[in-house]
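>
Protein chains: 2
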Amino acid sequence: MTRPIAPDRIEAVRRFNRWYTQRAGALRGDLLATPFPLPQARVLFELAHRDGVTAADLAASLAVDPSYLSRLLSGLESEGLVLRARDKADGRRHSLALTAAGKRAFADLDRRSRDEVRGILEPLTPERENRLLGGMHAIEQVLGGAESPASPFTLRAHEPGDLGWVVSRHGALYAREYGWDATFEALVAEIGAKFLREFDPGRERAWIAERDGERVGSVFVVSQSASVAMLRLLLVEPQARGLGLGRRLVAECMRFARTVGYREMVLWTNDGLHAARHLYVEAGFTLVGEQRHTSFGHALVGQTWSLDLGSQRNDPDP
Amino acid sequence: MTRPIAPDRIEAVRRFNRWYTQRAGALRGDLLATPFPLPQARVLFELAHRDGVTAADLAASLAVDPSYLSRLLSGLESEGLVLRARDKADGRRHSLALTAAGKRAFADLDRRSRDEVRGILEPLTPERENRLLGGMHAIEQVLGGAESPASPFTLRAHEPGDLGWVVSRHGALYAREYGWDATFEALVAEIGAKFLREFDPGRERAWIAERDGERVGSVFVVSQSASVAMLRLLLVEPQARGLGLGRRLVAECMRFARTVGYREMVLWTNDGLHAARHLYVEAGFTLVGEQRHTSFGHALVGQTWSLDLGSQRNDPDP
DNA sequence: AACATTAATTGACAATGTCCACTAATTAAT
DNA sequence: ATTAATTAGTGGACATTGTCAATTAATGTT
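Protein chains in written order, with our numbering: chain X, 1 to 318; chain C, 1 to 318.
1. What does the alpha-carbon distance come out to for the pair C/GLU127 and X/LEU143?
2. Roughly how far, in whole angstroms, is the beta-carbon of X/LEU155 from the beta-carbon of X/ALA209, given that I think they are within contact range, below 8 Å?
3. In chain order, what residues of the same chain lie with their CB nearer than 8 Å to the CB of X/ARG71, ignoring the 5 residues before and after it?
4. For C/ARG258, which of helix, strand or coil comes out of DSSP?
5. Where does the unbroken alpha helix (DSSP H) through C/PHE195 begin, and where does it stop?
6. For the stretch 82-116 of chain X, which residues have a CB atom closer than 8 Å to at least one CB atom of chain C, in sequence order?
7. If the cut is a Cβ gap below 7 Å, which residues of chain X does C/ASP212 touch?
8. How about X/VAL167 and X/ALA189: are their beta carbons less than 8 Å apart?
9. Under three-state DSSP, which class holds X/GLU116?
10. Roughly how far, in whole angstroms, is the beta-carbon of C/LEU81 from the beta-carbon of C/LEU44, given that I think they are within contact range, below 8 Å?
11. Could you give the residue range of the alpha helix (DSSP H) that holds X/SER78?
12. Would you list, in sequence order, the uninterrupted beta strand (DSSP E) runs of no fewer than 3 residues that lie entirely inside the stretch 206-246 of chain X?
13. With a cut-off of 8 Å, does the C-beta of X/PHE16 fall near any C-beta of chain C?
14. Just to confirm the assignment, what range does the beta strand (DSSP E) spanning X/LEU98 have?
15. Touching or not, the stretch 201-216 of chain C and the stretch 128-135 of chain C, by the rule of three or more beta carbon pairs under 8 Å?
16. The alpha helix (DSSP H) with X/ASP57 in it runs from where to where?
17. Please confirm whether X/GLU122 has its beta-carbon closer than 8 Å to some beta-carbon of chain C.
18. Kindly list the residues whose CB is nearer than 8 Å to the CB of C/ARG14, restricted to its own chain and excluding five residues on each side of it in sequence; keep chain order.
19. Report the residues of the stretch 180-193 of chain X with a CB closer than 7 Å to any CB of chain C, ordered along the chain.
20. At a Cβ cut of 7 Å, what residues of the stretch 213-240 of chain C count as close to chain X, listed as they run along the chain?
21. What residue does the alpha helix (DSSP H) around X/ARG3 start on, and which one ends it?
22. So, under 8 Å CB-CB, X/ALA55 and X/LEU76 are touching, yes? Tell me the CB distance rounded to an integer number of Å.
23. Is any beta-carbon of chain C found at less than 8 Å from that of X/GLU204?
24. Which two residues bound the contiguous alpha helix (DSSP H) that contains C/HIS137?
25. Within a Cβ cutoff of 6 Å, which residues of the same chain sit near X/GLN224, ignoring the five residues on either side of it in sequence?
26. What do you reckon, are the CB atoms on C/ALA321 and C/HIS94 nearer than 8 Å?
27. Check whether the Cβ of X/GLN22 lies closer than 8 Å to any Cβ atom in chain C.
28. May I ask which residues mark the beginning and end of the alpha helix (DSSP H) holding X/LEU267?
29. For the stretch 155-167 of chain C, which residues have a beta carbon sitting closer than 9 Å to at least one beta carbon of chain X?
30. Can you tell me which of the three DSSP states C/ALA12 falls into?
31. If you reduce the DSSP assignment to three classes, tell me which class C/GLU290 lands in.
32. Do you know how far the Cα of C/GLN22 is from the Cα of C/ILE10?
33. Compute the Euclidean distance between the alpha carbons of X/HIS170 and C/THR269, then round it to the nearest angstrom.
34. Given C/ASP51, which residues of its chain have a CB within under 6 Å of its CB, disregarding the five upstream and five downstream residues?
35. Pull up the DSSP beta-bridge partners for C/GLY302, would you.
36. Any heavy atom of the ligand ATP within a distance shorter than 7 Å of the CB on X/LEU124?
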């Protein structure tokens with residue numbers, strides 16, 4: 001049961017491939033403008049990052065024919081950049097390493113490559129840079145699956161456009177994952193509008209998590225009373241789950257709430273949201289009340305959780 | 001005055017380049033799995049799309065050495081796929097064309113290439129496919145500037161997540177372009193929430209414009225009274241401006257409003273929004289009132305525009 | 001000990017790409 | 001009109017890049 005694919009989608013991918021292949025000829029896998037030809041540069045790059053590998057490992061990770069690699073290594077060895085040493089444990093294997101000269105050569109190559117990329121990014125506006133990085137990240141993630149390494153996330157305060165993003169992602173994700181209807185997105189929009197209108201910078205805060213210029217999570221702390229803070233709109237994008245982002249966001253809220261002087265933090269959620277529940281339990285929240293309600297097109301059980309901010313330190317950091 | 005670039009951004013671009021270069025080795029510029037080697041396939045592809053070009057043109061558009069191209073063409077000619085004919089006007093030039101066999105060969109190649117890309121897209125969820133296409137589009141647009149051809153946009157009804165997107169983009173764009181503060185984003189969120197809560201499918205509608213799976217515009221029609229429709233939240237992303245999208249969105253609203261039986265359409269805007277003003281004038285709206293107000297951190301002049309839906313047909317389509 | 005397997009290399013060769021020189025046709029300059 | 005300069009395309013020579021099968025030496029298996 002294969003899914004039908006729109007022809008224009010296929011064309012768009014092909015166009016991108018053609019375009020990028022041609023451009024990549026210019027970028028040369030980011031290793032242009034180095035004194036080394038691309039295959040040699042790739043070997044140097046890999047050796048600089050993984051010292052002591054064997055030729056077979058290297059051939060596998062560079063997706064290069066072993067015989068070709070052997071010749072490349074011979075060349076680099078005769079230039080004094082690479083050292084091939086027979087493995088003591090297994091005499092068939094050679095362990096490879098850069099010599100001091102090889103390390104210098106790589107440092108130079110690396111600097112040129114960075115400068116080249118910097119030269120591409122510099123003329124862009126920050127917004128276009130974000131668009132570019134976000135696009136690259138999306139492609140890596142979709143096509144690469146788990147292959148591509150997860151880059152770390154960063155947290156920042158909210159900016160124009162963030163609130164709408166929070167609304168959008170709540171609406172889309174809860175519709176998809178739980179089948180909630182449009183009134184949920186409306187509710188989030190109302191909560192968000194109220195937050196912006198009544199924002200008290202000293203006692204309230206929103207965090208937006210980003211990865212490679214792309215928003216991947218959010219959380220809000222709003223003032224419910226002089227001593228009670230409310231945690232709201234906690235969201236972690238599916239592609240950023242499992243990185244500890246949810247825990248970090250909750251921890252950030254607790255730290256802020258303590259710093260500002262709240263004595264209690266509460267939050268409202270619904271049963272069935274197990275990942276979130278886990279986070280709250282872990283952070284020390286306890287369930288203080290439940291009430292049935294019909295909302296968002298479903299019969300749900302709303303839950304109120306509470307945490308005493310004074311009694312204990314739940315932040316595991318020193 | 002170059003802008004400082006964060007090192008992790010540079011690393012992210014380099015990582016993508018390395019990754020994609022390696023993967024593109026597998027995709028081979030989307031022309032893998034064809035009976036032709038890549039350079040020949042590229043020539044066939046180009047000739048199939050631009051009949052009668054000269055070798056120099058071809059060499060330029062493929063970014064290939066003329067002498068190399070000459071040899072490639074010789075090969076293809078001896079296989080009976082390409083015809084080289086001396087130009088009558090200029091005896092130095094040869095005009096190139098595919099033979100019937102060449103066209104068949106290309107058709108086969110093209111089909112295989114499409115099948116290959118289809119095979120990549122099929123296992124993806126529609127959401128991941130959108131992410132992929134959106135990412136590719138973003139990269140082409142940012143790096144390619146105006147080079148990459150603009151693909152056409154499509155309109156669709158709103159879905160979960162769209163409303164938040166409208167809020168987000170209004171907030172971000174008006175902050176950037178006019179310096180409006182967060183209360184504007186809050187206002188849009190309130191308008192959006194109200195739309196979702198009181199949505200009357202028979203008499204109200206929202207359109208989201210997409211290009212390559214990426215949202216690039218919006219417009220809403222809401223009921224103000226039995227006979228008066230209100231046009232709201234018209235937005236066109238900067239990267240999609242100049243495509244006639246704004247005109248199309250306004251036209252869509254008018255058509256819908258007429259179909260549903262409204263007699264008048266009104267809208268509220270502010271002076272200084274010149275691109276929008278132009279669209280409204282063009283569609284036949286007239287300015288019916290102005291009032292000063294201080295909102296969004298600025299002293300503004302609000303404007304009410306109106307259009308009699310019965311008196312004239314402003315839709316230029318047949 | 002005989003055999004199979006593995007890591008790395010070598011030989012042979014094909015594909016791909018680059019540089020320079022050259023021819024023929026055309027255009028520009030005198 | 002003749003000469004010089006330019007342009008389109010080609011061929012020679014060569015370097016780079018990549019592929020495949022065979023070989024060597026070390027290790028593992030029976």
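For each residue, glycine too, the CB sits at the ideal point set by N, CA and C.
So, from the data block:
1. Using only the alpha carbons, I get a separation of about 13 Å.
2. Rounded, the Cβ-Cβ distance is 5 Å, consistent with contact.
3. Scanning its chain for C-beta atoms nearer than 8 Å, with the 5 sequence neighbours on each side dropped, one finds no residue around X/ARG71.
4. In this structure, DSSP gives C/ARG258 a helical state, which the three-state scheme calls helix.
5. Counting along the chain, the alpha helix (DSSP H) containing C/PHE195 begins and ends at 182-197.
6. In summary, the residues of the stretch 82-116 of chain X whose CB is separated from some CB of chain C by less than 8 Å are SER113 and ARG114, in the order they occur in the chain.
7. Those are ALA12, listed as they occur along chain X.
8. In contact: X/VAL167 and X/ALA189 (Cβ atoms closer than 8 Å).
9. DSSP places X/GLU116 in helix when its eight states are reduced to three.
10. C/LEU81 to C/LEU44, Cβ: 7 Å. Contact.
11. In the DSSP assignment, X/SER78 falls within the unbroken alpha helix (DSSP H) covering 66-78.
12. Whole beta strand (DSSP E) segments, 3+ residues: 214-223 and 228-236.
13. Closer than 8 Å to some Cβ of chain C, the Cβ of X/PHE16 qualifies, so yes.
14. Boundaries of the beta strand (DSSP E) around X/LEU98: 94-98.
15. Yes, the stretch 201-216 of chain C touches the stretch 128-135 of chain C.
16. That run of the alpha helix (DSSP H) goes 55-62.
17. By this cut-off, X/GLU122 is an interface position.
18. None.
19. Cβ contacts with chain C: ALA182, THR183, GLU185, ALA186, ALA189, GLU190, GLY192 and ALA193.
20. Listed by position along the chain: nothing, the set is empty.
21. Where X/ARG3 is concerned, there is no enclosing alpha helix (DSSP H), given that its DSSP letter is neither H nor E.
22. Contact between X/ALA55 and X/LEU76 does not hold, since their C-beta atoms are separated by about 12 Å, which reaches or exceeds 8 Å.
23. Against chain C, the CB of X/GLU204 has no partner CB under 8 Å away; the residue lies outside that interface.
24. C/HIS137 -> alpha helix (DSSP H) spans 126-144.
25. Taken in chain order, the residues that qualify are MET230.
26. Nothing about residue 321 of chain C can be reported from this structure: the residues present for chain C run from 1 to 318 only.
27. Using a Cβ-Cβ cut-off of 8 Å, X/GLN22 counts as an interface residue toward chain C, since at least one Cβ of chain C sits closer than that to its own.
28. No alpha helix (DSSP H) contains X/LEU267, which is instead part of the beta strand (DSSP E) from 264-270.
29. Per Cβ criterion, the list reads HIS158, GLU159, PRO160, GLY161, ASP162, LEU163, GLY164, TRP165, VAL166 and VAL167.
30. It is helical.
31. In the structure shown, C/GLU290 sits in a strand (DSSP, three-state: E or B).
32. One alpha carbon belongs to C/ILE10, the other to C/GLN22, and they sit about 18 Å apart.
33. Rounded to the nearest angstrom, the two C-alpha atoms are 29 Å apart.
34. Closer than 6 Å at Cβ, skipping near neighbours: ALA97.
35. DSSP, once it has assigned bridges, lists C/ASN270 and C/GLN291 as partnering C/GLY302.
36. For the ligand ATP, the structure offers nothing, since it holds no ligand at all.
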